[in-house]
Amino acid sequence: MGGTPDRACWCGHPGLEPYSAEYRVCRACGTLVSTAPQRAGLYDQSYWKERQTVHHGLPDIRARARLDLPERCTHWLGRLLALRLPPARVLDVGCAHGGYVALLNWAGFQAEGTEMSPEVAAFAEQVFGVKVHVGPVEALPLASGSFDVIVLNDVIEHLPDPLATLGHCASLLSPEGFFVIQTPEYKEHLSHADLQASGDLFLKHMDHNNEEHLYLFSRRSAGLLFDRIGFGCLDFSNPVYSYDMAFTASRRPISPLAPEEVVRALSGTPSGRLVQALLDKAFESADRWWAIQRLEAQVKAPVPRS
Ligand SMILES: [Zn+2]
738 MGGTPDRACW
748 CGHPGLEPYS
758 AEYRVCRACG
768 TLVSTAPQRA
778 GLYDQSYWKE
788 RQTVHHGLPD
798 IRARARLDLP
808 ERCTHWLGRL
818 LALRLPPARV
828 LDVGCAHGGY
838 VALLNWAGFQ
848 AEGTEMSPEV
858 AAFAEQVFGV
868 KVHVGPVEAL
878 PLASGSFDVI
888 VLNDVIEHLP
898 DPLATLGHCA
908 SLLSPEGFFV
918 IQTPEYKEHL
928 SHADLQASGD
938 LFLKHMDHNN
948 EEHLYLFSRR
958 SAGLLFDRIG
968 FGCLDFSNPV
978 YSYDMAFTAS
988 RRPISPLAPE
998 EVVRALSGTP
1008 SGRLVQALLD
1018 KAFESADRWW
1028 AIQRLEAQVK
1038 APVPRS
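The opening position of the sequence shown corresponds to residue 738 in our numbering, with each subsequent residue numbered one higher.
What follows is the structure in structure tokens.
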């Protein structure tokens, strides 16, 4: 036998079952595991210059920076502000163009980013004036306990060793700190044939994509993953796109903030007021936005995992 040994599941369970041409499934935890060998240098400059545009047909990083700010980034900020007020310290791991880091800072947070590519980090620093550390988060000189929130948007599916990386991130969080995660959602009850039959958009995260997306988590496996690092309280919220899942992971349940507190916090600075206007616009009207926040706070008390 030559070649690379098959990738094991992050959870350590042996005996993965076939799922599709590019993934196997771990029935023990509910994760899709890529069959692709690990490839070095995937996230250098060419990832954004060529892979995203030529391979995936997505806008380039300059266009993405402009498109994401009033859409994805604003959605993410609205969710975070419902749970934590500025000035908290936020680390955005895999921050790409840095637009979200900028928005966080404008809202009054003390935010920094990390990126694998020096060129992408330089772009973020130049375009948005944000601080971006270059390299894998495990290798960066960041002090333990120095962040209140760690954001990983579209990141954990790329990690070769999610337990190790997230375990390290956990050490960077303050005692009341928590994670904010967005990642594609594998729905365990659906087979690959089911996805194909319905033309499920989740397929775009799978097919011809297994070199990048090494692990695709379900809600169950995401819960098990974060429970292993001591952050067993998961609270799911509406993702920007239906094929993703969005959640916070914390040591203890997080109490939602009163909308009035958020408004007060943002109205303290000129850039905060600009951010408030962006939030109002993104959610069509402030009334509707706050109504949603109130409803979420009422019906969704985080459930601690045993
Ligand atoms: Zn597993």
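Each residue gets a CB set at the ideal place from its N, CA and C atoms; glycine is no exception. Note that the structure is a prediction, hence the values are computed from the model and not measured.
Check: Should residue 768 be counted as a contact of ligand 1 given a C-beta to heavy atom distance under 7 Å?; Outcome: yes
Check: Do residue 811 and residue 994 count as a contact pair if the criterion is CB distance below 8 Å?; Outcome: no
Check: Tell me residue 850's beta-bridge partners as DSSP assigns them.; Outcome: 829, 869
Check: Contact between the segment 965-974 and the segment 938-949: three or more CB pairs below 8 Å?; Outcome: no
Check: Determine the extent of the beta strand (DSSP E) in which residue 966 is found, giving its start and end residues.; Outcome: It is not in any beta strand (DSSP E) - residue 966 carries neither H nor E in the DSSP assignment.
Check: Hey, could you find the ends of the alpha helix (DSSP H) residue 899 is sitting in?; Outcome: 899-909
Check: Is it buried or exposed, residue 946, if we count other Cβ atoms within 10 angstroms and call 16 or more buried?; Outcome: buried
Check: Specify, as a first and last residue, the run of the alpha helix (DSSP H) that residue 842 falls within.; Outcome: 836-843
Check: Just the Cα atoms here: how many angstroms apart are residue 837 and residue 865?; Outcome: 10 Å
Check: Output yes or no for whether 8 Å exceeds the beta carbon distance between residue 886 and residue 830.; Outcome: no
Check: Run through DSSP, which three-state label would residue 1020 get?; Outcome: coil
Check: For the candidate residues 776, 861, 843, whose alpha-carbon lies nearest to that of residue 1002?; Outcome: 843
Check: Any idea if residue 890 is buried or exposed, counting beta-carbon neighbours within 10 angstroms, 16 or more meaning buried?; Outcome: buried
Check: Verify whether the separation of the beta carbon atoms of residue 907 and residue 991 is less than 8 Å.; Outcome: no
Check: Between the Cα of residue 960 and those of 984, 764, 839, spot the shortest distance and give me the residue it belongs to.; Outcome: 984
Check: Counting along the chain, where does the alpha helix (DSSP H) carrying residue 745 start and finish?; Outcome: Counting along the chain, residue 745 falls outside any alpha helix (DSSP H), and DSSP gives it neither H nor E.
Check: Once you ignore the five residues that flank residue 753 on each side, which residues in its own chain have a CB closer than 7 Å to its CB?; Outcome: 746, 761, 762, 763, 770
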